[in-house]
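Asker:
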DNA sequence: AAGATAGGGAACAGGATGTTCGGGACCAAA
DNA sequence: TTTGGTCCCGAACATCCTGTTCCCTATCTT
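Protein chains in written order, with my numbering: chain A, -1 to 196; chain B, -1 to 196.
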């Protein structure tokens, strides 16, 4: 029975993870090869495969901390600062602030340089949170629940990407305001567009 | 000077294109290798590279027809059936109907099996159309134009993907209604969610 | 019919992947 | 300190994919 993981192993894993982030920032996710990673981290080939099954697996490992951080933030925000129904989508501000703290990493992952794997992983994490919120809200039949879920997550990723790539100087709270406005009220009121009276 | 392209060449290009669609449907875009494609199409290796620079280039070629089809549809719809300002987002219904006609192809491209390349290509085509529409509408300063553009395109792709993968039996017009409602009015009125009175 | 043009296939070199096998560092027990 | 065990690590290998080169041959023109 082994409770604490070997220091050597931890060192190796951290080296691989750092090397991957560094390489993604330098040449993008798709273009980064396992060969590059083990060269940069200076570890052996089989060492890599002893820890991860491939490039994708290594990337996923980095999201564990995101999930726990986000859960903490959600739980500390939710009960006090925001009353249910009047303050929906509690995950968004926590996530924007999390991204603000790890801007380089996020930019490496969600931008054009970060691959589809990272985005789909973030999507999975976010879907969990949004799904929990949606399940407590009554819905009418116009928009199926699953579609609403996907819509919210996509909108969030869109705002996040736009923020990091175009307007990184904006404050997380300002970006969060835009996100909430778009998702809850749409673009109708801010463009003069009208929906047809069916 | 050669006006008409060689029949042999056209035959080869079509064979490669069909093979790729078939393989994407069978095992996904990322997993499909050039080796697979030329085996399936039964053409030589150098023949492939004589026509395309790689897998990505082959995929992009298939979108030329989409762009022209979509332009035609937009131009025939726009002037009569929809008056500006009261019927925004003229591209959407045409695109949904286009997707309805090529369901297999679209499903192969936008689903989980289709890669990021296809999605980003569709995004490019759509962005052109939405950008043209947005440029004719006055905006207030709450939501930057570029963000609104990305938001609309993402929402469209989300609805399109959800439709093809979850509810393919729905009519294009019904899906279009949902899309327009989400983009223009948001989810606020259909969930009971409210935005904070800032 | 015969030369010119251009598409098609075999083969090759370079590189990435994932596995195997043995050496050796770290840890616990005596 | 020694001894045995565990498991991390790296060199080397077979396999596969990629992109290019070279030559053959089908098609077109005169």
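Even glycine gets a Cβ: it sits at the ideal position worked out from N, Cα and C. All of these numbers come straight from a predicted model, not from anything done at the bench.
Would you decide whether residue 37/B is buried or exposed? Buried here means 16 or more other CB atoms lie within 10 Å of its CB.
Answerer: The residue is exposed, with fewer than 16 neighbouring Cβ atoms inside 10 Å.
Asker: Alpha carbon to alpha carbon, how far is residue 12/B from residue 4/B? Give it in angstroms, no decimals.
Answerer: When rounded, the distance between both Cα atoms is 12 Å.
Asker: Closer than 8 Å by beta-carbon distance: list the chain B residues that pair up with residue 120/A, in chain order.
Answerer: Ordered by position in chain B, no residue passes the 8 Å Cβ test against residue 120/A, which lies about 14 Å from the chain.
Asker: Counting Cβ pairs closer than 8 Å, one from the stretch 111 to 126 of chain B and one from the stretch 150 to 165 of chain B, do we hit at least three?
Answerer: yes
Asker: Locate the alpha helix (DSSP H) running through residue 186/B, then write down its first and last residues.
Answerer: 186 to 189
Asker: Less than 7 Å between CB atoms is the rule here; does residue 109/A satisfy it with respect to chain B?
Answerer: No, no contact with chain B.
Asker: Is residue 119/A helix, strand or coil when you go by DSSP?
Answerer: helix
Asker: Using a C-beta to C-beta distance shorter than 8 Å, which residues of chain A count as neighbours of residue 19/B?
Answerer: Per Cβ cutoff of 8 Å: no residues; residue 19/B is ~19 Å from chain A at best.
Asker: Give the secondary structure of residue 165/A by DSSP, where H, G and I count as helix, E and B as strand, and everything else as coil.
Answerer: coil
Asker: Nearest by alpha-carbon distance to residue 128/B: which of 54/B, 89/B, 62/B and 168/B is it?
Answerer: 89/B
Asker: Grouping DSSP H, G and I as helix and E and B as strand, with all else coil, what is residue 74/A?
Answerer: helix
Asker: Name, please, each residue of chain A whose Cβ falls closer than 8 Å to the Cβ of residue 90/B.
Answerer: Chain order gives no chain A residues near residue 90/B, where near means a beta carbon separation below 8 Å; the closest approach is about 12 Å.
Asker: Run the CB neighbour count on residue 53/B, radius 10 Å, all protein chains shown included, and call it buried at 16 or more, exposed below.
Answerer: The residue in question, residue 53/B, is buried, as its Cβ has 16 or more Cβ neighbours within 10 Å.
Asker: If the cut is a Cβ gap below 8 Å, which residues of chain B does residue 152/A touch?
Answerer: Near residue 152/A (Cβ distances below 8 Å), the residues of chain B are 152, 153, 155 and 156.
Asker: Whole angstroms is fine: what's the gap from residue 156/B's alpha carbon to residue 61/A's?
Answerer: 23 Å
Asker: Assuming residue 94/B contacts residue 181/B (C-beta within less than 8 Å), just tell me the rounded distance between them.
Answerer: The Cβ separation is near 13 Å, so there is no contact.
Asker: Can you have a look at residue 47/B and say buried or exposed, based on whether 16 or more other CB atoms are within 10 angstroms of its CB?
Answerer: exposed
Asker: Excluding the five sequence neighbours on either side, which residues of its own chain have a C-beta within less than 8 Å of the C-beta of residue 116/B, listed in chain order?
Answerer: 27, 57, 107 and 108
Asker: Measuring alpha carbon to alpha carbon, tell me which of 70/A, 97/A and 65/A ends up nearest residue 125/A.
Answerer: 65/A
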